[in-house]
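Visitor: Numbering (the numbering used here), first residue to last: 5 to 141. Ideal Cβ placement from N, Cα and C applies to all residues, glycine included. The structure displayed is predicted, hence computed values, not measured ones.
1) Determine the DSSP secondary structure at residue 87, reduced to helix, strand or coil.
2) Touching or not, the region 71-82 and the region 122-138, by the rule of three or more beta carbon pairs under 8 angstroms?
3) Answer yes or no: do residue 21 and residue 35 have a C-beta to C-beta separation smaller than 7 angstroms?
4) Identify every run of the alpha helix (DSSP H) within the region 70-122, keeping only runs that are complete inside it and at least 4 residues long; order them along the chain.
5) Give the single residue among 117, 135 and 95 whose Cα lies nearest to the Cα of residue 108.
6) Which residue wins for smallest C-alpha separation from residue 116, given the options 97, 68, 138 and 92?
7) Could you name the residues that DSSP lists as bridge partners for residue 139?
8) Going by DSSP, what residues sit across from residue 54 in a beta bridge?
9) At which residues does the alpha helix (DSSP H) containing residue 46 begin and terminate?
10) Considering only residues of the same chain and omitting the five flanking positions on each side of residue 124, which have a CB-CB separation below 8 angstroms?
11) Just to confirm my understanding: we take residue 93, look at its own chain, exclude 5 residues before and 5 after, and list those with CB closer than 7 angstroms. What are they?
12) Do you know offhand how far residue 110's Cα is from residue 138's?
13) Is it right to say residue 39 is buried, meaning 16 or more other beta carbons lie within 10 angstroms of its own, or is it exposed?
14) What first and last residue would you give for the alpha helix (DSSP H) that runs through residue 41?
Structure (structure tokens):
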């Protein structure tokens with residue numbers, strides 16, 4: 005039996021392996037961890053949000069497709085050049101482009117990117133990654 009949390013773990017492990025190998029000096033958090041307050045530099049949040057499950061047609065009973073999204077938010081200090089933030093966003097986006105877990109149970113699609121610039125708040129680059137996972141219950 006597999007669960008939505010198994011998907012979350014698989015996606016987090018992929019994120020960690022790439023982030024730690026490439027951006028080891030930049031801190032990050034996962035869901036429900038305290039926000040990094042008082043940090044003067046760039047930091048990131050990686051979040052996985054499972055969506056709905058649908059029964060997989062033509063396959064054994066109790067086999068479902070779980071759809072969801074993984075999000076990377078890169079937060080940069082105001083007035084800092086965005087080049088490094090975009091490099092981080094694109095490195096993670098490319099690491100998830102058409103990625104699959106070792107057992108092929110979790111698969112991702114191409115990423116989407118968006119920047120958010122609000123006066124007085126950190127410049128944010130958002131990477132959205134759709135995923136699908138097979139669950140047997």
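Guide: In short:
1) helix
2) The region 71-82 vs the region 122-138: in contact.
3) no
4) 87-100
5) 135
6) 97
7) 68
8) Beta-bridge partners assigned by DSSP to residue 54: 72.
9) Note, residue 46: premise wrong, no alpha helix (DSSP H); not H, not E.
10) 82
11) 76, 78, 117, 129 and 131
12) 7 angstroms
13) That one is exposed.
14) Segment: none, residue 41 is in no alpha helix (DSSP H) and carries neither H nor E.
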